[in-house]
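Numbering-wise, the working numbering comes out as the position in the sequence shown, counting from 1, plus 164.
Report on one structure; see the data block that follows.
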Amino acid sequence: MNSAPVEEGTPVSVKIRERVLAARKRFHANDNIADFIQPGEIELLLDEVEDKMKGVLASLVIDTEHDHNTDDTARRVAKMYLKEVFQGRYVKAPPITEFPNAEHLNELMIVGPITVRSACSHHFCPIMGKIWIGVLPNEHTNVIGLSKYARLAEWVMGRPQIQEEAVVQLADLIQQKTQPDGLAIVMEATHFCMGWRGVKDVDSKMINSVMRGSFLKDANLRREFLSLIPQKG
Ligand SMILES: [Zn+2]
Numbered sequence: 165m166n167s168a169p170v171e172e173g174t175p176v177s178v179k180i181r182e183r184v185l186a187a188r189k190r191f192h193a194n195d196n197i198a199d200f201i202q203p204g205e206i207e208l209l210l211d212e213v214e215d216k217m218k219g220v221l222a223s224l225v226i227d228t229e230h231d232h233n234t235d236d237t238a239r240r241v242a243k244m245y246l247k248e249v250f251q252g253r254y255v256k257a258p259p260i261t262e263f264p265n266a267e268h269l270n271e272l273m274i275v276g277p278i279t280v281r282s283a284c285s286h287h288f289c290p291i292m293g294k295i296w297i298g299v300l301p302n303e304h305t306n307v308i309g310l311s312k313y314a315r316l317a318e319w320v321m322g323r324p325q326i327q328e329e330a331v332v333q334l335a336d337l338i339q340q341k342t343q344p345d346g347l348a349i350v351m352e353a354t355h356f357c358m359g360w361r362g363v364k365d366v367d368s369k370m371i372n373s374v375m376r377g378s379f380l381k382d383a384n385l386r387r388e389f390l391s392l393i394p395q396k397g
């Protein structure tokens with residue numbers, strides 16, 4: 165028996181939202197909602213976003229019917245959001261194979277710089293930057309390939325983000341996948357909403373960090389990590 169009868173013409177976004185609400189999950193801009201999207205629905209979302217983008221262009225008083233530069237812009241923007249820059253909301257986490265720490269590695273390991281591409285939740289303007297990840301494994305820590313850190317970062321950053329929340333989401337994810345004794349992440353990024361609009365300050369960067377476990381307790385370890393990542397700026 166179907167629980168909630170859904171009308172034929174109901175937009176797919178409404179159907180997806182109802183599933184998220186029924187599961188009592190959050191669907192903020194930087195949340196992943198892949199579990200609530202059924203096969204084929206991304207294509208329907210593309211059509212829906214394209215249609216709404218056409219409305220935005222119309223309200224901006226752009227003659228998309230005669231302007232060959234913008235006649236397909238609504239579709240391009242829909243694709244860019246759903247399949248590229250915000251894909252990290254709509255696809256499941258990249259598969260990560262974890263290996264037991266056979267060599268019993270317990271030395272500080274640093275990965276980076278990993279290039280970060282995201283967009284701010286406030287203006288949907290690009291955020292471009294770099295992150296460095298420090299891991300202090302223990303003998304029970306799972307080991308993942310170096311490139312996997314970049315895949316996980318790409319998945320988290322591929323959503324409208326707030327830098328402070330993005331690094332915490334990434335730290336939670338790596339923590340959960342590898343269970344290290346210590347985890348440190350530093351992110352340095354340029355926010356285009358400050359350079360392209362607003363104060364038009366093109367040079368300002370935002371740097372923030374998360375420290376977990378032994379990086380929090382051990383000032384020497386923290387210093388070692390920070391001294392080994394290249395001078396920022
Ligand atoms: Zn912004």
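Ideal Cβ positions, reconstructed from N, Cα and C, are used throughout, including at glycine.
Might you give, ordered along the chain, the residues of its own chain that have their beta carbon closer than 7 Å to the beta carbon of residue i, omitting 5 neighbours on each side?
i	result
L246	I206, L209, L210, V213, Y254
A410	Nothing about residue 410 can be reported from this structure: the residues present for the chain run from 165 to 397 only.
S285	A193, N194, P324, Q325, I326
P258	R315, L316, W319
Between residue i and the rest of its own chain, which residues show a CB-CB distance below 8 Å, the 5 nearest in sequence each way excluded?
i	result
R268	Per the sequence shown, residue 268 should be read as His rather than Arg. Excluding sequence neighbours, H268 sits near E303.
G252	N196, E318, W319, V320, M321, G322, R323
F379	G298, L300, G346, L347, A348, L385, R386, F389
R361	H287, C289
E329	N194
D382	G346
E229	D235
Keeping to the same chain, check which residues put their C-beta closer than 6 Å to that of residue i; ignore five residues upstream and five downstream.
i	result
D365	M358
F191	V184, I197
S223	none
V307	F263, N265
L392	I274
P344	V299, L300, P301, T305
F200	I180, R183, V184
Opposite residue i in the DSSP bridges: which residues?
i	result
K294	T279, E352
C284	Q325
R376	L347
M358	M358 pairs with nothing; no bridge assigned.
I371	E352
I274	G298
F263	V307
Using 9 Å as the limit for Cβ to Cβ distance, is residue i near chain B?
i	result
Q339	No chain B is present in this structure, which holds just one protein chain.
Next on the checklist: Quick test of the definition: if touching needs 3 or more C-beta pairs under 8 Å, does the stretch 259–266 touch the stretch 232–240?
Outcome noted: no
Checklist entry - If you measure from each residue's Cβ to the nearest non-hydrogen atom of ligand 1, which ones come out under 7 Å, in chain order? => result C284, H286, H287, C289, H355, C357
Next on the checklist: Below 8 Å, how does it come out for the stretch 272–279 and the stretch 289–296: are there three or more Cβ pairs, yes or no?
Outcome noted: yes
Checklist entry - Would you say the stretch 372–380 touches the stretch 348–362, given that touching needs at least three Cβ pairs under 8 Å? => result yes
Next on the checklist: Please give me, in chain order, every unbroken run of the alpha helix (DSSP H) with length at least 4 that falls completely inside the stretch 203–252.
Outcome noted: 205–223, 237–243
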